[in-house]
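Residues in the sequence shown are numbered consecutively from 177, following the working numbering. Backbone N, C-alpha and C fix where the C-beta goes; we use that ideal spot for every residue, glycine too. Below is one structure; the comments refer to it alone.
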Amino acid sequence: MSTQAGAIPEEDDFEVPEELRSSFAVLRRGIRESPELRAGLLFTVIISLGVVVAHLTTPVLIQLVFDHGFDGGFRPVYVGIACAAAFALVMLTFVTSRVAGRRLVQAAEGAMMGLRIRTFAHIHRLSIAEQSDEKRGVFVARVTADVDAMQQFMEWGGIAWIWAGVQVVASLALMLVFSWQLTLAIVALVVPLILIVWSLQNRLSAA
Numbered sequence: 177m178s179t180q181a182g183a184i185p186e187e188d189d190f191e192v193p194e195e196l197r198s199s200f201a202v203l204r205r206g207i208r209e210s211p212e213l214r215a216g217l218l219f220t221v222i223i224s225l226g227v228v229v230a231h232l233t234t235p236v237l238i239q240l241v242f243d244h245g246f247d248g249g250f251r252p253v254y255v256g257i258a259c260a261a262a263f264a265l266v267m268l269t270f271v272t273s274r275v276a277g278r279r280l281v282q283a284a285e286g287a288m289m290g291l292r293i294r295t296f297a298h299i300h301r302l303s304i305a306e307q308s309d310e311k312r313g314v315f316v317a318r319v320t321a322d323v324d325a326m327q328q329f330m331e332w333g334g335i336a337w338i339w340a341g342v343q344v345v346a347s348l349a350l351m352l353v354f355s356w357q358l359t360l361a362i363v364a365l366v367v368p369l370i371l372i373v374w375s376l377q378n379r380l381s382a383a
């Protein structure tokens, strides 16, 4: 019984190539292998960056209202213009977020459909001997699970990387304008936290 159990190959014995061991390398490979995902990608990224800018501009306008709209008395024209601009930015953010989200979902669905077709076509080209070496249904199960995970990443995770990076840099720039002392304090607290989380993530990935 123990001999038979030891003869069964492990599913996780596949060694990941060196060029695919980083998240960005996998993302670049996925974009290169999925022409459906590249269609309109630049437009989606530009819209997403516009959403980030609007997210950061709205609180600045509200801050300006409190700082200058009631300085020396109520200034209705200034407050009205600032509030109207903030409302317009909120509506613009809502519309562009929906456009970008719909574009990402459509691109991810198209890319995953093409990937499923190519993957199953490759499986069908495998010999009977190669198929017999694997457990029954393992190819279909792995393709289904992996493609679903990739679809979730493409619909939200991939563009979130861009949003997060731009938002962090822009937020630091705004904080420098308002208070460089507070910015230095925040950086001193956040940078060690990022290093610790990065180290933990590498250890979890290695495990």
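Ile-293 and Ser-303 have their C-alpha atoms some 18 Å from each other.
By the CB criterion at 8 Å, Ala-287 and Leu-265 fall outside the cutoff. Going by DSSP, Asp-243 is part of the alpha helix (DSSP H) stretching over 217 to 244. Put simply, the backbone Cα of Trp-374 is about 21 Å away from that of Ala-361. The beta-carbon distance between Ala-276 and Ile-223, rounded to whole angstroms, is 4 Å. This is short enough to meet the 8 Å contact definition.
By the Cβ-count criterion, Ala-340 is exposed, with fewer than 16 other Cβ atoms from all chains shown falling within 10 Å of its own Cβ.
When rounded, the separation of the alpha-carbon atoms in Ile-370 and Val-342 is 16 Å.
In the displayed model, Phe-250 falls within coil according to three-state DSSP, outside both helix and strand.
Measuring C-alpha to C-alpha distances from Phe-263 to each of Phe-246, Leu-291, Ile-238 and Ala-364 identifies Ile-238 as the nearest.
Around the CB of Leu-365, fewer than 16 other CB atoms lie within 10 Å, so the residue is classed as exposed.
Non-local C-beta neighbours of Ala-261 in its own chain, meaning closer than 8 Å and more than five positions away in sequence, comprise Leu-237, ordered along the chain. Shown here, Leu-302 sits in coil according to DSSP, grouped into three states, outside any helix or strand.
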